[in-house]
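Everything on this sheet refers to the single structure shown next.
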Amino acid sequence: MQPVVIVGGGIAGLATAYELDRRGYPFVLLEAGRRAGGVILSERVDGYTIDGGPDALLVQKPDGIELCRALGLGDRLIPTKPPRLAFIQRGQTLHPLPSSSVLGIPTRVGPFVRTRLFSWAGKLRMGAEILVPPRPLEDDSDESIGAFMTRRFGAEATAYLAEPLLAGIHAGDVDRLSLRALFPRFTEAERQHGSLLRAFRRQPSQASPDGAFRSLPGGLSEMVEALVAALPAGAIRLNTPVARVIHSVNLVNPVNPTNLVNPVNPTNLVNPVNPANFANPLAPSFSIETSSNDRFHASALVLATPAYVTANVIRDADEALARLCDQIPYASTATIAMAFPRTAVQHPLNGSGFVVPRVEATGILAASWLSSKWAHRAPADRVLLRVFVGGARDPRALELSDEALTTRALAAIGPILGVMGPPLLTRVYRWDRASAQHEVGHLARMQAIDRLLEAHPGLFITGSGFRGVGIPDCIADGRAMADRVSRFLAGGARPSAGRPT
Ligand SMILES: Cc1cc2nc3c(=O)[nH]c(=O)nc-3n(C[C@H](O)[C@H](O)[C@H](O)COP(=O)(O)OP(=O)(O)OC[C@H]3O[C@@H](n4cnc5c(N)ncnc54)[C@H](O)[C@@H]3O)c2cc1C
Numbered sequence: 151m152q153p154v155v156i157v158g159g160g161i162a163g164l165a166t167a168y169e170l171d172r173r174g175y176p177f178v179l180l181e182a183g184r185r186a187g188g189v190i191l192s193e194r195v196d197g198y199t200i201d202g203g204p205d206a207l208l209v210q211k212p213d214g215i216e217l218c219r220a221l222g223l224g225d226r227l228i229p230t231k232p233p234r235l236a237f238i239q240r241g242q243t244l245h246p247l248p249s250s251s252v253l254g255i256p257t258r259v260g261p262f263v264r265t266r267l268f269s270w271a272g273k274l275r276m277g278a279e280i281l282v283p284p285r286p287l288e289d290d291s292d293e294s295i296g297a298f299m300t301r302r303f304g305a306e307a308t309a310y311l312a313e314p315l316l317a318g319i320h321a322g323d324v325d326r327l328s329l330r331a332l333f334p335r336f337t338e339a340e341r342q343h344g345s346l347l348r349a350f351r352r353q354p355s356q357a358s359p360d361g362a363f364r365s366l367p368g369g370l371s372e373m374v375e376a377l378v379a380a381l382p383a384g385a386i387r388l389n390t391p392v393a394r395v396i397h398s399v400n401l402v403n404p405v406n407p408t409n410l411v412n413p414v415n416p417t418n419l420v421n422p423v424n425p426a427n428f429a430n431p432l433a434p435s436f437s438i439e440t441s442s443n444d445r446f447h448a449s450a451l452v453l454a455t456p457a458y459v460t461a462n463v464i465r466d467a468d469e470a471l472a473r474l475c476d477q478i479p480y481a482s483t484a485t486i487a488m489a490f491p492r493t494a495v496q497h498p499l500n501g502s503g504f505v506v507p508r509v510e511a512t513g514i515l516a517a518s519w520l521s522s523k524w525a526h527r528a529p530a531d532r533v534l535l536r537v538f539v540g541g542a543r544d545p546r547a548l549e550l551s552d553e554a555l556t557t558r559a560l561a562a563i564g565p566i567l568g569v570m571g572p573p574l575l576t577r578v579y580r581w582d583r584a585s586a587q588h589e590v591g592h593l594a595r596m597q598a599i600d601r602l603l604e605a606h607p608g609l610f611i612t613g614s615g616f617r618g619v620g621i622p623d624c625i626a627d628g629r630a631m632a633d634r635v636s637r638f639l640a641g642g643a644r645p646s647a648g649r650p651t
């Protein structure tokens, strides 16, 4: 019996494990796959370092970078290579995102007036944002990113900024993703200043001189490898998919079984007043069954799996909780990595890559120029590019074969980058239901999930489906879960849930 079982060895589960270990709590982590890291996967092939999934840690949310430093990787953090431009495709032209912007919202007039990304009518409408009245303060209903941006900046800003950039990083639908859940800063700016242009113009630039992102020379798998090495040997069990969880609350307090007998009023079962009962290692309250019918018993359980997996494993324990988790949608994407001789690509590749607005309909979401973005990704005289396909825009893309995905990727980037000849190397990474979609209503659903969790002391839920999607948010939430677990095991009251900021 372990006091704590963690299910899922993506970054959220690993961060939970790391923090529990740091605090001296023994645990076992059960991971379905052959490796830890979840969607974080970097491969080193023929002198290339290829990030099949994420490649960047956002500086503004420091949890990722702080964890790297704590793991001894501080000296290995690398910034993006200058000139740090990101491009947006319109027609057959790649337009640099106007400099001086906050998440695409221009903060200075000059670069915005000069850009040819927007029509003059579009620019005028965007500039008129300053005159658009804010939503009444009493209206705190959720709104999609698309509805918000169109209301404030007009349809062109939604089509050429919000859709490819803000929804694009989530591979999501701009008309469904929740502004409040994903970009609360915009909601706040409107509430406090009445206008985003006014709010962001007044804010001092938070941009780091070395750019907004960091990575590692060996790809972000370096962080995963360091995390795994920092955990006790044998604490991670790979190839161990969990099938179901039983919450045997009646085991909790053998001394006082009256707490336990009223199924009509499950609040009786919670006993938040005396959660120290649950800390008794002789009284495990969770039974965790793997697909091969092995059983683990634990006093505290952290589920760090995608929300639909979490739903499946807890269905027998709490049908209503499972239903809510199941309502969190996921999008699927493929990353097609391709290497070329430098001379076979005419474009200067003077930036990190480009995004493709939905209205351009080229069949891809974006392309990143990995070897221009980071040092150490490709041998000299070679370039390494990645193309992203699928997402909410094209939910059936993963039905295509690797060859068809590669053909589509080449057809989309060939003309715009001037690619001549076939790739020297191709790798296709399939991310089936891997991108959590925090859609309108997500925060209300999270509140309902947290309320139902009250009935399961010792049960904690984390991962990108729930409180934050990016790696820093997953790390922050995983560590916050470990803090709650340790307080629970130490007999403190169940702390209330919260979203990492
Ligand atoms: C292509 C792509 C690019 C991205 N780029 C970036 C980026 O550059 N920067 C950034 O900050 N974020 C990025 N993200 C988002 C971020 O990487 C993810 O949201 C985050 O890594 C998710 O971590 P997680 O631990 O919640 O989930 P996952 O990584 O999905 O891990 C969940 C784990 O649970 C395991 N599991 C599933 N079922 C079971 C079961 N039954 N039993 C046991 N284990 C199970 C899985 O095998 C997996 O290891 C990107 C995401 C994708 C898909």
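Per my numbering, the sequence shown starts with residue 151, numbered consecutively. Glycine included, every Cβ here is placed at the ideal spot set by N, Cα and C. Predicted, not measured: the structure shown is a model, and the values here were computed from it.
Here DSSP, grouped into helix, strand and coil, assigns Gln210 to coil. Ligand 1 never approaches Thr199 closely enough for any of its heavy atoms to be under 7 Å from the residue's Cβ. Rounded to whole angstroms, the Cβ separation of Val263 and Ser294 is 29 Å, and the two are not in contact under 8 Å.
The DSSP-derived three-state label of Tyr175 is coil. Each residue's CA atom was taken as its position, placing Arg330 and Pro529 some 43 Å apart.
Looking at Leu609, Tyr458 and Val495, the one whose alpha-carbon comes closest to that of Pro479 is Tyr458. For His588, the three-state secondary structure derived from DSSP is coil. For Met631, the uninterrupted alpha helix (DSSP H) segment begins and ends at Ile621 to Leu639. Relative to ligand 1, Ser518 has its C-beta separated by 7 Å or more from all heavy atoms. The beta carbon of Thr390 lies closer than 6 Å to those of Leu180 and Thr440 in the same chain, with the five residues before and after it left out. For Trp524, the shortest C-beta to heavy atom distance toward ligand 1 is 7 Å or greater. DSSP, reduced to helix, strand and coil, places Leu560 within a helical segment of the structure shown. For Tyr480, there is no enclosing alpha helix (DSSP H); the residue is found in the beta strand (DSSP E) stretching over Tyr480 to Pro491. When the Cα atoms are used, Pro334 and Gly296 turn out to be separated by approximately 14 Å. Taking a C-beta distance under 8 Å as the contact criterion, Ala525 and Pro367 qualify as a contact pair.
Arg508 has its alpha-carbon roughly 11 Å from the corresponding atom of Ala312. DSSP places Ser192 within a strand segment (E or B) once states are collapsed to three. Ligand 1 never approaches Glu193 closely enough for any of its heavy atoms to be under 7 Å from the residue's Cβ. If only complete runs of 4 or more residues are kept, the region 236-271 shows the alpha helix (DSSP H) at 259-264, in order along the chain. For the pair Gly361 and Asp476, the Cα-to-Cα distance works out to about 37 Å. Along the length of the region 499-572, whole beta strand (DSSP E) runs at least 3 residues long occupy 503-505, 516-518 and 532-540, reported in chain order. Segment contact: the region 607-623 against the region 337-348, fewer than three CB-CB distances shorter than 8 Å; contact not assigned. DSSP lists Ser192 as the beta-bridge partner residues of Asp201. Annotation for His397: the continuous beta strand (DSSP E) segment containing it runs Val392 to His397. Restricting attention to Ala598, Ser585, Val533 and Ala547, the CA atom closest to the CA of Leu574 is found in Val533. Taking C-beta atoms as the reference points, Leu451 and Val395 count as a pair closer than 8 Å. Looking at the backbone, the Cα of Lys231 and that of Ala470 are separated by about 48 Å.
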